[in-house]
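*Asks:* Counting in full-length UniProt numbering, the sequence shown runs from 1 upward without gaps. Ideal Cβ positions, reconstructed from N, Cα and C, are used throughout, including at glycine.
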Amino acid sequence: MADAARPAPPDLTGEPPPPPGIEAFALMRRLEAPGRRFGHAGGPDQEPARLGQEIRLGPAAREVARFSPAEGDSPARIALEITGLFGPEGPMPLHLSRRMLERMSERWFAGSAQPEPGADRAFLEFCNLLQHRMMALYYRAFAEAQPALAADHGREGRLAAMIAALAGLGLPGSAEALDDPAPALRHATGLAGQVRSPEVLAALLSDLLDAPVRVAEFVPYWQDIPAALASRLGRAHAGLGRGAMLGPRVYQPQARAEITVGPLPLAQYRRLAEEGAERAALRRLLRFAMGEEIGFDLRLVLAAPEVPPPALGRGPALGRTGWLGDGAARDRDDLRLPLDERQVA
Numbered sequence: 001m002a003d004a005a006r007p008a009p010p011d012l013t014g015e016p017p018p019p020p021g022i023e024a025f026a027l028m029r030r031l032e033a034p035g036r037r038f039g040h041a042g043g044p045d046q047e048p049a050r051l052g053q054e055i056r057l058g059p060a061a062r063e064v065a066r067f068s069p070a071e072g073d074s075p076a077r078i079a080l081e082i083t084g085l086f087g088p089e090g091p092m093p094l095h096l097s098r099r100m101l102e103r104m105s106e107r108w109f110a111g112s113a114q115p116e117p118g119a120d121r122a123f124l125e126f127c128n129l130l131q132h133r134m135m136a137l138y139y140r141a142f143a144e145a146q147p148a149l150a151a152d153h154g155r156e157g158r159l160a161a162m163i164a165a166l167a168g169l170g171l172p173g174s175a176e177a178l179d180d181p182a183p184a185l186r187h188a189t190g191l192a193g194q195v196r197s198p199e200v201l202a203a204l205l206s207d208l209l210d211a212p213v214r215v216a217e218f219v220p221y222w223q224d225i226p227a228a229l230a231s232r233l234g235r236a237h238a239g240l241g242r243g244a245m246l247g248p249r250v251y252q253p254q255a256r257a258e259i260t261v262g263p264l265p266l267a268q269y270r271r272l273a274e275e276g277a278e279r280a281a282l283r284r285l286l287r288f289a290m291g292e293e294i295g296f297d298l299r300l301v302l303a304a305p306e307v308p309p310p311a312l313g314r315g316p317a318l319g320r321t322g323w324l325g326d327g328a329a330r331d332r333d334d335l336r337l338p339l340d341e342r343q344v345a
């Protein structure tokens with residue numbers, strides 16, 4: 001709204017101009033875009049703005065002396081007061097700054113097409129060509145050390161590379177083992193340790209499936225003994241108290257865990273009950289986080305309101321989505337599926 005003291009701006013739909021007194025780094029952060037970042041984009045014509053210095057002899061009263069938005073083929077320009085080669089804080093002798101100000105105080109006519117005189121800024125603009133890169137790298141050094149600024153650029157920033165390394169996805173091509181690396185990145189701190197707790201695994205899988213997940217440890221099962229390792233009298237693996245085993249399999253209580261997912265809606269329950277993309281993604285993420293040392297079972301829980309009534313024909317499948325009696329009385333957790341090739345009992 002406009003009033004007598006402050007008229008309305010001519011256009012309210014475009015990018016708002018930077019406020020007076022804005023910090024230099026805050027302005028440069030606002031101008032950055034994907035593929036156009038100070039100190040990373042390549043040549044000056046590929047960066048968000050051209051950087052330069054405003055000459056002065058006294059202390060800096062502000063950080064940004066002047067900002068000119070981009071117009072047509074002309075890039076945006078930022079004149080800074082807080083850094084550069086010249087001025088009281090610059091490394092160049094002070095008499096060069098004084099000489100620049102003297103030349104800028106003189107007025108020159110550019111010809112008949114420009115009747116008004118202009119300041120002689122040739123030497124200053126030439127020096128700005130040289131120190132543009134220095135100023136851009138100065139900002140880049142600051143931005144790379146600030147996680148909040150690195151988060152602005154998604155997976156292109158240094159922070160994203162650090163998080164990927166913590167999650168085990170830092171090497172090229174490592175993320176291809178997962179259908180969606182986002183859950184692993186969100187739980188990078190839990191994956192950074194050598195030991196994976198049940199709570200970390202449950203949170204990771206719950207993020208992937210968008211459903212409640214519980215992990216039960218030490219689920220016993222019967223493990224088949226390969227024929228080459230079976231005990232034979234008078235041969236290998238026959239020492240009592242050492243390697244002798246009676247029978248073709250052994251009771252194993254410490255190499256398996258059970259993952260309980262649910263309560264689930266019927267549609268997601270059916271997708272996980274079948275060998276499809278969703279269960280394959282679960283298996284890949286599970287192997288990425290836990291390796292091959294531990295076997296896993298998947299127990300699916302169907303929410304009580306989603307239990308279908310028993311019907312003959314093309315209705316629910318017995319043993320998976322069909323139950324006799326009052327199926328909606330409680331959540332159904334009868335279905336348990338192995339996620340590997342180990343025998344389960």
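1) Which residues in the same chain have their Cβ closer than 8 angstroms to the Cβ of residue 257, if we skip the five residues on either side of it in sequence?
2) For a quick check, are the C-beta atoms of residue 305 and residue 262 less than 8 angstroms apart?
3) At 3 residues or longer, what runs of the beta strand (DSSP E) sit wholly inside the region 197-240?
4) Thinking C-beta only, is residue 149 closer than 8 angstroms to residue 164?
5) So, at 6 angstroms on beta carbons, what are the nonlocal neighbours of residue 190 in its own chain, with the 5 sequence-adjacent residues on each side left out?
6) Work out the CA separation of residue 96 and residue 27 for me, nearest whole Å.
7) Count the C-beta pairs between the region 222-231 and the region 262-274 that are closer than 8 angstroms, then say yes if the count reaches three, no if not.
8) Taking 8 angstroms as the cut-off, does the region 79-96 touch the region 31-50 (at least 3 CB pairs, one atom from each stretch)?
9) Helix, strand or coil: which one does DSSP assign to residue 126?
10) Within its chain, find whatever has a CB closer than 8 angstroms to the CB of residue 113; leave out the 5 residues flanking it on each side and keep chain order.
11) Which one of 43, 303 and 322 has the shortest CA to CA distance from residue 310?
12) Helix, strand or coil for residue 282 per DSSP?
13) Classify residue 32: buried if its beta carbon has 16 or more other beta carbons within 10 angstroms, exposed otherwise.
14) Using CA coordinates, which residue listed in 91, 122 and 177 is at the minimum distance from residue 105?
15) Within the same chain, show all residues whose beta-carbon is closer than 7 angstroms to that of residue 251, passing over the 5 residues directly before and after it, in chain order.
16) So, with DSSP's three-state summary, where would you put residue 180?
17) Helix, strand or coil: which one does DSSP assign to residue 271?
18) Between 47, 86 and 142, which has its C-alpha nearest residue 70's C-alpha?
19) Please name the residue, chosen from 233, 203, 283 and 62, that lies closest to residue 23 on a Cα-to-Cα basis.
20) Quick check on the burial criterion: 16 or more other C-beta atoms within 10 angstroms. Buried or exposed for residue 52?
21) For residue 49, collect the residues of the same chain with a Cβ closer than 7 angstroms to its Cβ; drop the 5 residues on either side in sequence, then sort them by chain order.
22) Which of the three DSSP states is assigned to residue 82 in this structure?
23) Look at the alpha carbon of residue 170 and the alpha carbon of residue 176, and state the distance between them as a whole number of angstroms.
24) Please state whether DSSP places residue 158 in a helix, a strand or coil.
25) Can you give the Cα-Cα distance for residue 285 and residue 141, rounded to whole angstroms?
26) Would you please verify whether the beta carbon of residue 335 is less than 8 angstroms from any beta carbon of chain B?
27) Just verifying my parser: in three-state terms, what is the DSSP assignment at residue 166?
28) Got a sec? Which residues, its chain only, sit under 6 angstroms from residue 336 by beta carbon, not counting five neighbours each side?
29) Could you tell me the distance, in whole angstroms, from the CA atom of residue 333 to the CA atom of residue 254?
30) Around the Cβ of residue 87, are there at least 16 other Cβ atoms within 10 angstroms (buried) or fewer (exposed)?
31) Which residues in the same chain as residue 202 place their Cβ atom closer than 7 angstroms to its Cβ, once the five residues preceding and following it in sequence are excluded?
32) Using the C-alpha atoms, what's the distance from residue 207 back to residue 274?
33) In chain order, what residues of the same chain lie with their CB nearer than 8 angstroms to the CB of residue 187, ignoring the 5 residues before and after it?
34) Mind checking who residue 250 pairs with in its DSSP beta bridge?
35) Please name the residue or residues paired with residue 34 in a DSSP beta bridge.
*Replies:* With the structure as the only source:
1) Position 257 of the sequence shown, counted from the first residue, corresponds to residue 257. Contacts found: 198, 215, 216, 217, 218, 219, 294, 295, 296 and 297.
2) Taking the first residue of the sequence shown as position 1, residue 305 is located at position 305. Taking the first residue of the sequence shown as position 1, residue 262 is located at position 262. No, the Cβ-Cβ distance between residue 305 and residue 262 is not below 8 angstroms.
3) 213-216 and 221-224
4) On the sequence shown, position 164 is the one that residue 164 refers to. On the sequence shown, position 149 is the one that residue 149 refers to. Contact: no.
5) Translated into positions along the sequence shown, residue 190 becomes position 190. If we look at residue 190 and ignore the five residues flanking it on each side, its Cβ neighbours are 200.
6) Counting from 1 along the sequence shown, the entry for residue 27 is found at position 27. Counting from 1 along the sequence shown, the entry for residue 96 is found at position 96. Between residue 27 and residue 96, the C-alpha separation is close to 28 angstroms.
7) no
8) no
9) Here residue 126 refers to the residue found at position 126 of the sequence shown. The answer is helix: DSSP assigns residue 126 an H, G or I state.
10) Taking the sequence shown and counting its residues from 1, one reaches residue 113 at position 113. Annotation note: pLDDT 48 at residue 113 (below 50); position unreliable, coordinate value reported separately. Excluding positions up to five away in sequence, the list is empty.
11) The residue you call residue 310 lines up with position 310 of the sequence shown. Nearest C-alpha to residue 310: 322.
12) One-based indexing of the sequence shown puts residue 282 at position 282. Note: residue 282 maps to helix in three-state DSSP.
13) The count along the sequence shown starts at 1 and reaches residue 32 at position 32. With 16 or more Cβ atoms within 10 Å of its Cβ, residue 32 is classed as buried.
14) For the purposes of this step, residue 105 is identified with residue 105 of the sequence shown, where counting begins at 1. Of 91, 122 and 177, the residue nearest in Cα terms is 122.
15) Along the sequence shown, one-based indexing puts residue 251 at 251. Contacts found: 220 and 222.
16) The sequence position of residue 180 within the sequence shown is 180, counting from 1. In the structure shown, residue 180 sits in coil (DSSP, three-state: anything other than H, G, I, E or B).
17) Translated into positions along the sequence shown, residue 271 becomes position 271. Correct three-state label for residue 271: helix.
18) As a working note, residue 70 is residue 70 in the sequence shown. Minimum Cα distance to residue 70 is reached at 47.
19) Position 23 of the sequence shown holds residue 23. When only C-alpha atoms are compared, the closest one is 62.
20) Here residue 52 refers to the residue found at position 52 when the sequence shown is read from its first residue. So residue 52 counts as buried.
21) By 1-based counting over the sequence shown, the position of residue 49 is 49. Excluding positions up to five away in sequence, the list reads 31, 75, 76, 77 and 78.
22) Taking the sequence shown and counting its residues from 1, one reaches residue 82 at position 82. Coil at residue 82, not helix or strand.
23) The count along the sequence shown starts at 1 and reaches residue 170 at position 170. The count along the sequence shown starts at 1 and reaches residue 176 at position 176. Residue 170 and residue 176: Cα-Cα distance of roughly 11 angstroms.
24) Numbered from its first residue, the sequence shown carries residue 158 at position 158. It is helical.
25) Working through the sequence shown from its first residue, we reach residue 285 at position 285. Working through the sequence shown from its first residue, we reach residue 141 at position 141. Distance between the alpha carbons of residue 285 and residue 141 is about 35 angstroms.
26) Chain labels in this structure do not include chain B; a single protein chain is all it has.
27) Sequence index remark: in the sequence shown, residue 166 carries index 166 (1-based). Helix.
28) As a first step, residue 336 must be located in the sequence shown, where it is residue number 336. Here the set comprises 297 and 299.
29) The count along the sequence shown starts at 1 and reaches residue 333 at position 333. The count along the sequence shown starts at 1 and reaches residue 254 at position 254. Distance between the alpha carbons of residue 333 and residue 254 is about 23 angstroms.
30) Working through the sequence shown from its first residue, we reach residue 87 at position 87. So residue 87 ends up on the buried side.
31) By 1-based counting over the sequence shown, the position of residue 202 is 202. Closer than 7 angstroms at the Cβ level, and outside the excluded window around residue 202, lie 213, 214 and 215.
32) If you number the sequence shown from 1, residue 274 lands on position 274. If you number the sequence shown from 1, residue 207 lands on position 207. Taking the straight line from one Cα to the other gives about 20 angstroms.
33) Here residue 187 is taken as the residue at index 187 of the sequence shown, counted from 1. Taken in chain order, the residues that qualify are 167, 200, 203, 204 and 207.
34) Within the sequence shown, the letter at position 250 stands for residue 250. Partner(s): 223.
35) Start at 1 with the first residue of the sequence shown, and residue 34 comes out as number 34. In DSSP, residue 34 forms no bridge with anything.
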